[in-house]
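Protein chains in written order, with the UniProt record's numbering: chain A, 1 to 242; chain B, 1 to 239.
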Amino acid sequence: MCTLEQHGNVFVLTLTGDDEHPLGLPLIASLSSAVASAKAAAASAGPGAALVTVAEGRFFSNGLDIGWAGTSRTRLMELADALRPLAADLLALPMPTVAAVTGHASAGGFLLALCHDYRVMRADRGVLYMSEIDIGLPLPSYFVSMFRAKVTAANALRDVLLRGTKLRAAEAKEMGIVDAVCPGPTETVAKAIKLAEQLAARKWDGDVYASIRISIFPEACKSVGIVEESDEEKVKNFASRM
Amino acid sequence: MEPNNLCTVERRGRVHLITLTGAGEHRLSPALLSAIRSAVAASAGAGALVLSAEGKFFSNGFDQAWARTAPLHLHSTMDGGFRALVADLLELPMPTVAAVTGHAAAAGCALALAHDSVVMRGSRGFLFMSEVHAGIKIVDFLAELMREKVPDAVNRRDLLLRGDKMSAAEAVRRGIVDKAIDGGVEDVVNAAVAEAEKLAARGWDGEVVAEIRKAVWPKVWDKAKDYGADAPAAARPRL
Chain A
1 MCTLEQHGNV
11 FVLTLTGDDE
21 HPLGLPLIAS
31 LSSAVASAKA
41 AAASAGPGAA
51 LVTVAEGRFF
61 SNGLDIGWAG
71 TSRTRLMELA
81 DALRPLAADL
91 LALPMPTVAA
101 VTGHASAGGF
111 LLALCHDYRV
121 MRADRGVLYM
131 SEIDIGLPLP
141 SYFVSMFRAK
151 VTAANALRDV
161 LLRGTKLRAA
171 EAKEMGIVDA
181 VCPGPTETVA
191 KAIKLAEQLA
201 ARKWDGDVYA
211 SIRISIFPEA
221 CKSVGIVEES
231 DEEKVKNFAS
241 RM
Chain B
1 MEPNNLCTVE
11 RRGRVHLITL
21 TGAGEHRLSP
31 ALLSAIRSAV
41 AASAGAGALV
51 LSAEGKFFSN
61 GFDQAWARTA
71 PLHLHSTMDG
81 GFRALVADLL
91 ELPMPTVAAV
101 TGHAAAAGCA
111 LALAHDSVVM
121 RGSRGFLFMS
131 EVHAGIKIVD
141 FLAELMREKV
151 PDAVNRRDLL
161 LRGDKMSAAE
171 AVRRGIVDKA
181 IDGGVEDVVN
191 AAVAEAEKLA
201 ARGWDGEVVA
211 EIRKAVWPKV
221 WDKAKDYGAD
231 APAAARPRL
């Protein structure tokens, strides 16, 4: 389902296998466990870590496992409810995060990529696509919060959510959704890891980094269940360092 | 305004020009914040306001050195003083222009962006939200101000989460400041005054300027309004 490896101070989370990496309960659980491991390992290692998420095959992820859900709205909601804490774990992760969009990322898969701080994407194949409007599925409210937070260029939000525009890497970069475009999957992964290494090398305090991430996207973080620290708690942290 | 050695005021035409004096970092200590607030209050009757600075720095942020020596119960005077200054600027009945003549870091960067327009020195000086590098969490008011004034997600991430040192050219390209000005400190000040004079020449009703401005930035106004000079005494925190 997924593996976690450590290359120096970069944790590489890989969605394994040649399939669409549908976000069913087992994969979500697997990813959650891997993210928790990375967090624990970084905590003992000290500042200066980063996470890269990559995927094998033609897909990054095609989203919630609608094959498993079938016509059951209950099952679909169960999947959306299971993904929410994983989104929260990523948004609260005490290290920089990079998604290497090595293939199609649609619906929940696009959301998963958006939960990272940076996105590197291959140019030759693959699209970012919020398919819900075409399939006739409503969007979980935290999905919308994330997109509203991170997709702020003029008309980009409308195009992505309300028109179901399929974005190749170049167009996604124009919209500010993707940060770097690479020719193919190998270069994409290499670039993502290099970016992660550069970010890790800043040796930012992880707790502070996560706090600042939450303070720049507070509504999205709240929507996935993150409770932001009060000013008193934030300042206590600083006062104890002075 | 009482004379002090922290900032000066002068009128240039319709423009009320405030200058943070000296070659230092213009750290926003309670004393400097109070001096700037007095300078802002002295703008009554002007058509526009400009805040500028001498030396290499516009402002390098809060006075952490002061905070290290001051008793904990006084720390709120710096945060509160900053909120009060922002409240005063938000409800000022005239357009405001920041002349970012040098480095503007952390609360100093936020102070610049709290103005309606920002002109910045092209050849020197950065906008720099240094907190991530210094290991300092960003308190809610500062974050709210930056969120309202930097709505683009990528800009927010690069400025606050990556802590980029942003040159004037880069800041203009990203839409964070309005103009980059070549030359020295005086050139930037002159450009800011010229911009302010143009705004003053529009002849806008000052009260309407203030009302529209507060409506355009409602979240930061809501968090500042109890601190300003015009806040009801009951609501105003004792600083």
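Backbone N, C-alpha and C define an ideal beta-carbon position, used for all residues, glycine too. Note that the structure is predicted; figures quoted are calculated from it, not measured.
- Only residues of its own chain outside the window of five on either side were considered, and among them Leu15, Leu27, Ala55, Gly57, Phe59, Phe60, Ser61, Asn62 and Gly109 have a CB closer than 8 angstroms to the CB of His21 of chain A, listed in chain order.
- Counting along the chain, the unbroken alpha helix (DSSP H) around Leu83 of chain A starts and ends at Arg73 to Leu91.
- In the DSSP assignment, Ile135 of chain A falls within the unbroken alpha helix (DSSP H) covering Glu132 to Ile135.
- One thing to note: His103 of chain B has its Cβ within 8 angstroms of the Cβ of Phe58 of chain B.
- Residue nearest to Ser223 of chain A within the set A:Leu25, A:Asp89, A:Ser37 and A:Asp117 is A:Asp89 (criterion: CA-CA distance).
- Under a criterion of Cβ atoms nearer than 7 angstroms, no residue of chain A is adjacent to Ile176 of chain B; the nearest Cβ is some 13 angstroms distant.
- Contact annotation: Ala49 of chain A and Gly206 of chain A have beta-carbon atoms nearer than 8 angstroms.
- For Asp88 of chain B, the closest C-alpha among the options B:His73, B:Ala106, B:Arg37 and B:Gly13 is that of B:Arg37.
- When the beta-carbon positions are compared, Ala114 of chain B and Ala192 of chain B stay at least 8 angstroms from each other.
- Residue environment: Gly125 of chain B is assigned as buried (16 or more neighbouring CB atoms within 10 Å of its CB, all protein chains considered).
- For the region 197-209 of chain A, the set of residues with a beta-carbon nearer than 7 angstroms to any beta-carbon of chain B comprises Trp204, Asp205, Val208 and Tyr209, in chain order.
- DSSP, reduced to helix, strand and coil, places Lys179 of chain B within a strand of the structure shown.
- Excluding the 5 residues flanking it on each side, Pro140 of chain A has same chain C-beta neighbours closer than 6 angstroms at Ala80, in chain order.
- Distance from Arg122 of chain A to Thr102 of chain A at the Cβ level is roughly 6 angstroms; contact confirmed, criterion being Cβ atoms closer than 8 angstroms.
- Residue-level contact check: Ile136 of chain B touches chain A, since one or more beta carbons of chain A fall below 8 angstroms from its beta carbon.
- Burial state of Thr186 of chain A is exposed, judged by a 10 Å Cβ sphere holding fewer than 16 other Cβ atoms.
- Non-local C-beta neighbours of Ser44 of chain A in its own chain, meaning closer than 6 angstroms and more than five positions away in sequence, are absent.
- Between Val52 of chain A and Ala100 of chain A, the C-beta gap is smaller than 8 angstroms, which places the two residues in contact.
- In this structure, Leu49 of chain B places its C-beta atom within 8 angstroms of the C-beta atom of Leu92 of chain B.
- Collapsing the DSSP output to three states places Tyr118 of chain A in a strand.
- In the structure shown, the three-state DSSP call for Phe217 of chain A is coil.
- Nearest to Glu54 of chain B by alpha-carbon distance, out of B:Gly184, B:Ser130, B:Ala153 and B:Met166, is B:Gly184.
- Leu111 of chain A has no beta-bridge partner at all, per DSSP.
- Spatial neighbours of Glu171 of chain A in its own chain (CB-CB distance under 7 angstroms, excluding positions within 5 residues in sequence) are not present.
- Between the C-alpha atoms of Asp152 of chain B and Ala220 of chain A there is a straight-line separation of about 14 angstroms.
- Going by DSSP, Glu186 of chain B is part of the alpha helix (DSSP H) stretching over Val185 to Ala200.
- Of all residues in the region 151-163 of chain B, only Pro151, Asp152, Ala153, Val154, Arg156, Arg157, Leu160 and Leu161 place a beta-carbon less than 7 angstroms from a beta-carbon of chain A.
- DSSP places Thr69 of chain B within a helical segment (H, G or I) once states are collapsed to three.
- Under the three-state reduction of DSSP, Phe57 of chain B is assigned to strand.
- Counting along the chain, Thr14 of chain A sits inside the beta strand (DSSP E) bounded by residues Val10 to Leu15.
- Bridge partners of Arg125 of chain A according to DSSP: none are assigned.
- Taking 8 angstroms as the CB threshold, Ser131 of chain A stays off the interface with chain B.
- Chain B places a beta carbon closer than 8 angstroms to that of Arg213 of chain A, counting this residue as a contact.
- Contacts with chain A at 8 angstroms (Cβ-Cβ) include Asp140 of chain B.
- Within the region 25-59 of chain B, the runs of alpha helix (DSSP H) at least 4 residues long that lie entirely inside it are, in chain order, 30-41.
- Setting aside the 5 residues that flank it on each side, Met78 of chain B is surrounded in the same chain by Leu28, Ser29, Pro30, Leu33, Phe62, Asp63, Trp66 and Ala67, each with a C-beta closer than 8 angstroms to its C-beta; the list follows chain order.
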